[in-house]
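Everything in the sequence shown is counted per the UniProt record's numbering, starting at 1 for the first residue and increasing by one.
For glycine and all other residues, C-beta sits at the position ideal for the given N, C-alpha and C.
These figures come from a predicted structure and were not determined experimentally.
Working notes for the structure below.
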Amino acid sequence: MPRYALLVEYDGAPFAGWQRQADQPSVQGAIEAALARLEKRDHTIAAAGRTDAGVHAYGQVAHCDMEKDWDPFRLSEALNHHLKPLPVSIRDCRLVADDWHARFSAVERQYIFRLLNRRAPATHLRGFVWQVNHPLELEPMQEAAKHLLGLHDFTTFRASICQALSPVKTLDKLDIEQIETESGTEFRFHLAARSFLHNQVRSFVGTLERVGAGSWDPIDVKTALEACDRAACGPVSPPQGLYLSKVGYPDNPFVNQFA
Numbered sequence: 001m002p003r004y005a006l007l008v009e010y011d012g013a014p015f016a017g018w019q020r021q022a023d024q025p026s027v028q029g030a031i032e033a034a035l036a037r038l039e040k041r042d043h044t045i046a047a048a049g050r051t052d053a054g055v056h057a058y059g060q061v062a063h064c065d066m067e068k069d070w071d072p073f074r075l076s077e078a079l080n081h082h083l084k085p086l087p088v089s090i091r092d093c094r095l096v097a098d099d100w101h102a103r104f105s106a107v108e109r110q111y112i113f114r115l116l117n118r119r120a121p122a123t124h125l126r127g128f129v130w131q132v133n134h135p136l137e138l139e140p141m142q143e144a145a146k147h148l149l150g151l152h153d154f155t156t157f158r159a160s161i162c163q164a165l166s167p168v169k170t171l172d173k174l175d176i177e178q179i180e181t182e183s184g185t186e187f188r189f190h191l192a193a194r195s196f197l198h199n200q201v202r203s204f205v206g207t208l209e210r211v212g213a214g215s216w217d218p219i220d221v222k223t224a225l226e227a228c229d230r231a232a233c234g235p236v237s238p239p240q241g242l243y244l245s246k247v248g249y250p251d252n253p254f255v256n257q258f259a
C-alpha cells in the first residue's frame, strides 16, 4: 500500500482537537471521512502532533496508506473537495517510503502563539489570537524566556493529564517579537523542540504574559521552573492563539512549509 505524507492546515475552532473522537468532531475524523469517500473502507491516519481543541495549524503533518497508486496532486485535490466546507485544507501531498511516519520520523515541532494587545474587541482576528487588554512589556518577557531554554524538568509547565513518560524535555527556541500590524500590536511567541508536553506551550505563554504585565519578575519564571510543581505555574493561555506551524524531518518531503 503506497504511503502519502499530507501537509495540513486547519482552523481548530470547530473541532474537539486533532484526535478522532466518537461523539465530537475532530480534524483526524474529518480527513479519514474524506479518505473513505475515495476508497470505501476504514482509514486510520497518524499525525505529528495531537493538537487540543481550538488549536490551529499552518503545518500539521499526517500520513495515510492507500490501496490505489494515486498521483499525489490528484489525491490532495480530491481530499480538499471532500473536506468542503470544513476549515481543513491539504496544502501538499507527497509519496513517501513505506516506513516513513508522520510522528516517529519527526525530529522537531515548531509552534507560533499570537497575542493581540489592544483594548478594542478584535473582529477580524477573533478566534485566531489571544487578546489581552492591558499593556505588556516585551523585554521582561524576553529575559524570562531565557530561563526556559535548554534541558529541564518541565513538570511546572505540564498538564496534570499529560501522558508523556517523562517531564524532561529540551526547549530549543523561545523567541518573542513585537509587531505593529493593521489590527494593533501583536506579540508572537516562536517555539521549537523535538517534542512538547501537554499544554506546555500555553503554560509558557500564560506565565510569560504575567511577566509582561508586571505581575511577575523575570526571575520568578526560573523559580517556578525549578519548583517542579504544577501549582507554581502561571495561568494557562487560551488555545485560540496557538498554531502548529512546522514539523521537521531529516528528509522533509515538503518544500514549501512556512518557517
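- Under a 10 Å Cβ-count criterion, Ala231 is classified as exposed, with fewer than 16 other Cβ atoms of the shown protein chains found around its own Cβ.
- Inside the UniProt domain "Pseudouridine synthase I TruA alpha/beta" (144-250), DSSP marks whole alpha helix (DSSP H) runs of 4 or more residues at positions 200-212, 218-227, from first to last along the chain.
- Inclusion of Glu108 and Gly214 in the CB contact set at 8 Å is not warranted, their separation being larger than that value.
- Contact check for Ala97 and Ala48: beta-carbon distance about 16 Å, past the 8 Å limit, so the pair fails to qualify.
- In terms of Cα proximity to Gly241, the closest of Val211, Asp229, Val205 is Val205.
- In this chain, the alpha helix (DSSP H) harbouring Val27 covers 27-38.
- Residue state for Leu95 is assigned as strand, using DSSP reduced to three classes.
- Its Cα nearest to that of Trp130, the residue Pro235 stands out among Glu39, Pro235, Gln24.
- Rounded to the nearest whole angstrom, the C-alpha separation of Lys222 and Cys233 is 11 Å.
- Between Leu115 and Val132, the beta carbon gap of about 6 Å places them in contact (Cβ cut-off 8 Å).
- Taking the Cβ atoms as the reference, Thr170 lies roughly 6 Å from Gly150, within the contact range of under 8 Å.
- When His82, His56, Ala62, Arg188 are compared, the shortest CA-CA separation from Trp100 is found for Ala62.
- Spatial neighbours of Asp42 in its own chain (CB-CB distance under 6 Å, excluding positions within 5 residues in sequence) are not present.
- Look at Leu136 here: in three-state DSSP terms it is coil, with no helix or strand label.
- Taking every protein chain shown into account, the CB of His56 has 16 or more other CB atoms within 10 angstroms, so this residue is buried.
- In this structure, DSSP gives Ala78 a helical state, which the three-state scheme calls helix.
- Take Lys68, set aside five residues on each side of it, and the residues of its chain with a beta-carbon closer than 7 Å to its own are Glu39, in chain order.
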